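Which chain is which? The protein sequence lines are A and B, in order. Under my numbering, residues 1 to 394 are what the first sequence spells out, in order. Under my numbering, residues 1001 to 1091 are what the second sequence spells out, in order. A quick write-up on the structure given underneath.
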Amino acid sequence: MIAAVVIPAFDLRAALRLRPALEAVPAALAPLPGSEPLLGSVTAAAEAKGVRPGMRLGEALATCSELVLVEQDPATAEQAWEEVLRRLEDAGFAVEPAEAGTVYFETRGVERLYGGLEPALKRALKAVGPAWEARAGAAERRFAALAAASVARPGQALIVSDDRTRRFLAPLPLSLLPLERDRYEELEELGVRTIGQLAGLPGAAVAERLGPDGRRAWSLARGERDGRVVPRRPAEPLHETLEFPEAVGQELTLRRGLGVLVDRLLARPDRTGRPPRKLALWARLAGGASWRRTITLREPTADPARLRAALGPKLAELPAPALKLRLEVVELAEGTGEQLELVRAEGEVLQGRLKEGLRQVRAAVGAGGVATVVEVAPWSRIPEARALLVPRDD
Amino acid sequence: MVTDTGSTRTAGAARRLNAPRPALVEGHADGTPRRVNRQGVAALREEWRIVDRWWTEEPVDRRYFDLVLETGENVVVYRDGESGAWFTQRA
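Set out below in structure tokens:
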């Protein structure tokens, strides 16, 4: 069977982790700056006051004047989601994440491990953690499993057998189907409000009226086969962080900091010589917000100069000065057969000696004993604000 | 076996270079230093003031003195306008 674990409004829950008091009041995720003024996920208290996700900001504030807008924190949400996935993987579930808050896995292997389907689902919910109020569903099809998890109560695991799938799906609302907003409205205008009503329509007519997406939704509504679970390869927990004593907005300084992070990351022994294929640059901004950019390299490389060249331009996109900068390896490539140089480059012997000397200093004085001077604001009138000592452990 | 070096520094955190260190300073009535770390002041080479970041919660208000001590040593000290404490620092 296929199981789905769903955490409704995951992005909002992640943003509210540091402000749990807001969970009980009408609150909603604010739109991203520069995007259409539409609300993101909303709390149950906001929903009770008539505020719906996707509502226009003006309309929502007119509906509920005490609505609290919560700033989106995509980096924190992504980090929290990664933690959830890792906990599931640690418990033995080979997961395929669909989007933040929705994950699938095959139950066949874990059923034997945990002594049945229901205990396995309960174990998955336990691995996610009670704070997230996750729900689980299992069925022979992905969509049915997702629908079961979507209608389950927090902490509940709902299992739908294959012969009951169509009966189970029939009374459920159309909003569970992956359709565009306009399509729901179009179908509702036609008097189609439930999955069962859509499934009862002739397939050719649905395809003609709603196109390929509609045809696919119709097929899902009928409980037809919708693909297997393809588990992800667990990400490598490889990252290096640099904390600044005060917020840094200078691109030049940030680039120098990035250079240090690249060197440190490449020196990590747990990389086992494999070059990074996908990296993420993360920053904690002055004011508390976070920022994250993911970069996929055209060719995996462990060349610091090429990595700096690929990552550096992203720093110009930082919307505010950064207090903390982190470089994460999202995915490592398998060891590539790199051609070794026949003649060692000039200065390499000297570099090797220098590295060995520094290694001995570090062994004597401890981690952080060797540092690089990074100029932060050489023009500053305050002497201690001009440069930083950045530890080097490579 | 590796011996514990006793270092408590955090590996990831950057530190300030040239951070001010507390100094023992006795002053004249006009606020200029007379003795620094129990050494008499031979000459006052330069004096300047820095007022900055007054718009933040950590304003900077310092009166700097570039001094030559009786031992011939050259030091820079400043008096913090907020706390009244003295510090030594390379300018």
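Note that beta-carbon positions come from the ideal geometry of N, C-alpha and C, so glycine has one too. Note that the structure is a prediction, hence the values are computed from the model and not measured.
At a CB-CB cut-off below 8 Å, which residues of chain A make contact with residue i?
{"i": "residue 1052 of chain B", "result": "381, 382"}
{"i": "residue 1077 of chain B", "result": "The premise fails here: residue 1077 of chain B is roughly 12 Å from chain A at the closest Cβ pair, so nothing lies under 8 Å."}
Measure the alpha-carbon distance for residue i versus residue j and round it to whole angstroms.
{"i": "residue 390 of chain A", "j": "residue 1030 of chain B", "result": "40 Å"}
{"i": "residue 250 of chain A", "j": "residue 322 of chain A", "result": "9 Å"}
{"i": "residue 281 of chain A", "j": "residue 254 of chain A", "result": "12 Å"}
{"i": "residue 161 of chain A", "j": "residue 226 of chain A", "result": "16 Å"}
{"i": "residue 1070 of chain B", "j": "residue 1041 of chain B", "result": "6 Å"}
{"i": "residue 1001 of chain B", "j": "residue 267 of chain A", "result": "Unreliable positioning characterises residue 1001 of chain B in this predicted model, as indicated by a pLDDT of 37, which lies under 50. A coordinate reading is not provided."}
{"i": "residue 88 of chain A", "j": "residue 217 of chain A", "result": "29 Å"}
{"i": "residue 365 of chain A", "j": "residue 1056 of chain B", "result": "37 Å"}
{"i": "residue 380 of chain A", "j": "residue 386 of chain A", "result": "6 Å"}
{"i": "residue 330 of chain A", "j": "residue 41 of chain A", "result": "27 Å"}
{"i": "residue 59 of chain A", "j": "residue 36 of chain A", "result": "13 Å"}
{"i": "residue 357 of chain A", "j": "residue 351 of chain A", "result": "10 Å"}
{"i": "residue 252 of chain A", "j": "residue 373 of chain A", "result": "14 Å"}
{"i": "residue 84 of chain A", "j": "residue 187 of chain A", "result": "36 Å"}
{"i": "residue 306 of chain A", "j": "residue 378 of chain A", "result": "27 Å"}
{"i": "residue 368 of chain A", "j": "residue 1016 of chain B", "result": "13 Å"}
{"i": "residue 237 of chain A", "j": "residue 86 of chain A", "result": "10 Å"}
{"i": "residue 193 of chain A", "j": "residue 270 of chain A", "result": "54 Å"}
For the beta strand (DSSP E) that contains residue i, what are its first and last residues?
{"i": "residue 248 of chain A", "result": "238–248"}
{"i": "residue 1045 of chain B", "result": "1039–1052"}
{"i": "residue 1061 of chain B", "result": "1060–1069"}
{"i": "residue 1057 of chain B", "result": "Residue 1057 of chain B -> no beta strand (DSSP E), and no H or E assigned at all."}
{"i": "residue 56 of chain A", "result": "That residue, residue 56 of chain A, is in no beta strand (DSSP E); it is neither H nor E in DSSP."}
{"i": "residue 375 of chain A", "result": "371–375"}
{"i": "residue 391 of chain A", "result": "387–391"}
Mapping DSSP to helix, strand and coil, what is residue i?
{"i": "residue 39 of chain A", "result": "coil"}
{"i": "residue 161 of chain A", "result": "coil"}
{"i": "residue 192 of chain A", "result": "coil"}
{"i": "residue 226 of chain A", "result": "coil"}
{"i": "residue 1022 of chain B", "result": "strand"}
{"i": "residue 1030 of chain B", "result": "coil"}
{"i": "residue 108 of chain A", "result": "helix"}
{"i": "residue 1087 of chain B", "result": "strand"}
{"i": "residue 11 of chain A", "result": "helix"}
{"i": "residue 49 of chain A", "result": "coil"}
{"i": "residue 128 of chain A", "result": "helix"}
{"i": "residue 1076 of chain B", "result": "strand"}
{"i": "residue 136 of chain A", "result": "strand"}
{"i": "residue 65 of chain A", "result": "coil"}
{"i": "residue 290 of chain A", "result": "strand"}
{"i": "residue 1006 of chain B", "result": "Low per-residue confidence applies at residue 1006 of chain B: pLDDT is 40, beneath 50, and the placement is therefore not dependable enough to give any value."}
{"i": "residue 180 of chain A", "result": "coil"}
{"i": "residue 381 of chain A", "result": "coil"}
{"i": "residue 198 of chain A", "result": "helix"}
{"i": "residue 18 of chain A", "result": "coil"}
{"i": "residue 119 of chain A", "result": "helix"}
{"i": "residue 318 of chain A", "result": "coil"}
{"i": "residue 23 of chain A", "result": "helix"}
{"i": "residue 171 of chain A", "result": "coil"}
{"i": "residue 166 of chain A", "result": "helix"}
{"i": "residue 271 of chain A", "result": "helix"}
{"i": "residue 1017 of chain B", "result": "coil"}
{"i": "residue 100 of chain A", "result": "coil"}
{"i": "residue 299 of chain A", "result": "coil"}
Specify, as a first and last residue, the run of the alpha helix (DSSP H) that residue i falls within.
{"i": "residue 219 of chain A", "result": "203–221"}
{"i": "residue 259 of chain A", "result": "251–266"}
{"i": "residue 31 of chain A", "result": "That residue, residue 31 of chain A, is in no alpha helix (DSSP H); it is neither H nor E in DSSP."}
{"i": "residue 147 of chain A", "result": "142–151"}
{"i": "residue 306 of chain A", "result": "304–311"}
{"i": "residue 154 of chain A", "result": "Here residue 154 of chain A belongs to no alpha helix (DSSP H), and DSSP marks it neither H nor E."}
{"i": "residue 86 of chain A", "result": "74–90"}
{"i": "residue 348 of chain A", "result": "348–365"}
Cβ closer than 7 Å: which chain A residues qualify as neighbours of residue i?
{"i": "residue 1019 of chain B", "result": "384"}
{"i": "residue 1060 of chain B", "result": "382"}
Who are the neighbours of residue i on chain B, taking C-beta pairs under 8 Å?
{"i": "residue 373 of chain A", "result": "1017"}
{"i": "residue 356 of chain A", "result": "Those do not exist, as residue 356 of chain A stays about 17 Å from chain B at its closest Cβ, beyond 8 Å."}
{"i": "residue 329 of chain A", "result": "None at all; the shortest Cβ gap to chain B is about 16 Å."}
{"i": "residue 370 of chain A", "result": "Correct list: empty, because the minimum Cβ distance to chain B is about 11 Å."}
Whose Cβ in chain A lies nearer than 9 Å to the Cβ of residue i?
{"i": "residue 1091 of chain B", "result": "383"}
Taking residue i as the query, report the chain B residues whose CB atoms sit under 7 Å from its CB, ordered along the chain.
{"i": "residue 322 of chain A", "result": "Chain B residues near residue 322 of chain A: none, gap ~12 Å exceeds 7 Å."}
{"i": "residue 390 of chain A", "result": "1014"}
Can you list the residues of chain B that residue i reaches, using a CB-CB cut of under 9 Å?
{"i": "residue 387 of chain A", "result": "1016, 1017, 1018"}
{"i": "residue 269 of chain A", "result": "The premise fails here: residue 269 of chain A is roughly 15 Å from chain B at the closest Cβ pair, so nothing lies under 9 Å."}
- [ ] Evaluate the contact criterion for the segment 201–210 of chain A versus the segment 237–249 of chain A: three or more CB pairs, one atom per stretch, below 8 Å.
- [x] No, because fewer than three Cβ pairs between the segment 201–210 of chain A and the segment 237–249 of chain A fall closer than 8 Å, the two stretches do not touch.
TODO: Take every Cβ of the segment 204–215 of chain A, pair it with every Cβ of the segment 54–72 of chain A, and state whether three or more of those distances are shorter than 8 Å.
DONE: Touching, no, given that fewer than three Cβ pairs across the two stretches are closer than 8 Å.
Open item on the list: Contact between the segment 278–294 of chain A and the segment 70–86 of chain A is defined here as three or more beta-carbon pairs at a separation below 8 Å; is this criterion met?
Closed with: Flag = yes, the segment 278–294 of chain A and the segment 70–86 of chain A touch.
- [ ] Would you check if there are 3 or more beta carbon pairs closer than 8 Å linking the segment 40–56 of chain A to the segment 15–30 of chain A?
- [x] Output reads yes: the segment 15–30 of chain A touches the segment 40–56 of chain A.
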